[in-house]
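Student: A single structure is presented below for examination.
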Amino acid sequence: MLKRRLFTSLISSTPFRNAATVQTNQRSCSTIIGSTIQQSIFAQHRELGWFSGHHILRAYSLLSLNDLRDNKGARKPNTRKGRGIGSGKGKTAGRGHKGQKARGTMKFGFEGGQTPLRRRLPKRGFNNPFSLTFQPIGLGKVAKLINAGKIDSSELITMKTLKWENKLEMVSD
1 MLKRRLFTSL ISSTPFRNAA TVQTNQRSCS TIIGSTIQQS IFAQHRELGW FSGHHILRAY
61 SLLSLNDLRD NKGARKPNTR KGRGIGSGKG KTAGRGHKGQ KARGTMKFGF EGGQTPLRRR
121 LPKRGFNNPF SLTFQPIGLG KVAKLINAGK IDSSELITMK TLKWENKLEM VSD
């Protein structure tokens, strides 16, 4: 539910006084001047012609994140289980009588004796201890090697030539 505050303030001053009097009331967003007192003061000041540049009627709509609320019934409160038979969920607390699920919790992935999913799925592939992972190299690094004169740019540049020149290291896992 959206709680919205609308403050109406009537800032008025008499020609005989320099001090301004401010009247502020909290009203719903549908009425700007809600009370009959404010309406009568507004009417008197309008008749006397006291509303000039600094005599204004202001309406502030203060809406912020802390004013946002859910509608009534949007969120159902959690039922407190095991708090006596009067609550409707006392004694066994909706778990029924006896059995594994009534007494405690089962380990994660347990399917009641059936072969669990993690064991039903096949294992694929193997870990190759001799696999080689190459270090990635960018064009900027190749350009620096060419500018330094370590690689001849007229020849074809391959991974083999980079390795022979000891410019690129192989990293094994």
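Mapping of the sequence shown onto the UniProt record's numbering: residues 1 to 173, in sequence order. Glycine is no exception: its CB is placed at the ideal position from the N, C-alpha and C atoms. The structure displayed is predicted, hence computed values, not measured ones.
1. I'd like the list of long-range same chain contacts for residue 118, defined as Cβ closer than 8 Å, with 5 residues on each side in sequence excluded.
2. Between the beta-carbon of residue 93 and the beta-carbon of residue 81, is there less than 8 Å?
3. Quick one: using the 10 Å Cβ neighbour count with 16 as the cut-off for buried, is residue 162 buried or exposed?
4. Residue 65 to residue 136, Cα distance in whole Å?
5. Measure the alpha-carbon distance for residue 147 versus residue 157 and round it to whole angstroms.
6. Pick out whichever of 127, 129, 153 and 128 has its Cα sitting closest to the Cα of residue 139.
7. Excluding sequence positions up to five away, which residues of its chain have a Cβ less than 7 Å from the Cβ of residue 85?
8. From residue 104 to residue 127, what does the alpha carbon distance come to, in whole angstroms?
9. With H, G and I counted as helix, E and B as strand and the rest as coil, what does DSSP make of residue 154?
10. Got a sec: is the Cβ-Cβ distance from residue 65 to anything in chain B below 8 Å?
11. Classify residue 147 as helix, strand or coil using the three-state DSSP reduction.
Tutor: With the structure as the only source:
1. Its chain contains 109 as the residues whose beta carbon lies nearer than 8 Å to that of residue 118, once the 5 sequence neighbours on both sides are disregarded; these appear in chain order.
2. Residue 81 sits close to residue 93, with the two beta carbons spaced by under 8 Å.
3. Within a 10 Å sphere around the beta-carbon of residue 162 sit 16 or more other beta-carbons, which makes this residue buried.
4. Spanning the alpha carbons of residue 65 and residue 136 requires a straight line of approximately 49 Å.
5. Whole-angstrom Cα-Cα distance: 14 Å.
6. Taking each of 127, 129, 153 and 128 in turn and checking the Cα distance to residue 139, the smallest one comes out for 153.
7. Apart from sequence neighbours up to five positions away, the residues of its chain that approach residue 85 with a beta-carbon distance below 7 Å are 91, ordered along the chain.
8. Cα to Cα, the separation comes out at about 39 Å.
9. Assigned with DSSP and collapsed to three states, residue 154 falls in coil, not helix or strand.
10. Considering every chain present, this structure includes no chain B. It has just one protein chain.
11. In the structure shown, residue 147 falls within a helical segment according to DSSP collapsed to helix, strand and coil.
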